[in-house]
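Below is one structure; the comments refer to it alone.
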Amino acid sequence: WAAQLRREVRGRDCAVFFDEIDQHVTDEGFASSLRQFLDGVCQPSDSRVLLVGTTNRLERLPTDVLHRAEVVRFERPEREHLAEMWSGYAQHLRDEELQKLASASVSCGATGRDVRHCASLCERRTAIGYLNAQHGLGYCHGAALVNCPGPALEQYIRCVQGRAE
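Residue numbers (UniProt numbering): 1 to 165.
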């Protein structure tokens, strides 16, 4: 990848993004190229390259790679931020319910991705259950969802807890 990168950038500055880099460093060839790149050995001389790697499992990266890198940590969101996220998805919940949901989310170590996933999943399940109970209107009838309630607080909490397990 490093040789290909040198050919591709030729005089241009760029950023290279490795999502879940911990999955790549188990390949010794990749890890060796990465070490050399971080040491500046195989970087293009006529351009600047910013290498960004993400991981949720920092402990899986080799120690010598970590020593060559600058590690920037993004902590999990705090309760107030989770409450803001939930308020954008679960607009039907009252303030005190949003606070309970945010507290449950913090205790489970939820992220913004978890909030989005659980909001979407709970809304789908609620809509499907509601449509199945509406005899005669059918799935394609636009008016069928007009009176569909939002998911209950407990559904959201169960989903967040399930993602933590």
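Cβ coordinates follow ideal geometry from the N, Cα and C atoms, glycine included.
Helix, strand or coil: how does DSSP classify V65 here?
Sequence index remark: in the sequence shown, residue 65 carries index 65 (1-based). Residue state, collapsed to three classes: helix.
Can Y89 and E123 be called in contact, C-beta distance under 9 Å?
Residue mapping note: residue 89 aligns to position 89 of the sequence shown, counting from 1. Residue mapping note: residue 123 aligns to position 123 of the sequence shown, counting from 1. A contact, by the Cβ cut-off of 9 Å.
Can you name the start and end residues of the alpha helix (DSSP H) that C122 belongs to?
In the sequence shown, counting from the first residue as 1, residue 122 sits at position 122. Segment 112 to 133, the alpha helix (DSSP H) holding C122.
What number of angstroms, rounded off, separates the C-alpha of E75 from the C-alpha of H117?
To locate residue 75, count along the sequence shown from 1; it is residue 75. To locate residue 117, count along the sequence shown from 1; it is residue 117. Looking at the two C-alpha atoms, the distance is approximately 19 Å.
Go to F37, then tell me how far its alpha helix (DSSP H) extends in each direction, as first and last residue.
As a working mapping, residue 37 is identified with position 37 in the sequence shown. Per DSSP, F37 belongs to the alpha helix (DSSP H) from 28 to 39.
Taking 9 Å as the threshold (C-beta atoms), are A144 and Y130 in contact?
Taking the sequence shown and counting its residues from 1, one reaches residue 130 at position 130. Taking the sequence shown and counting its residues from 1, one reaches residue 144 at position 144. Taking 9 Å as the Cβ cut-off, Y130 and A144 qualify as a contacting pair.
Mark F37 as exposed unless 16 or more other C-beta atoms lie within 10 angstroms of its C-beta, in which case mark it buried.
Counting from one through the sequence shown, the residue named residue 37 turns up at place 37. Buried, because 16 or more other Cβ atoms sit within 10 Å of the Cβ of F37.
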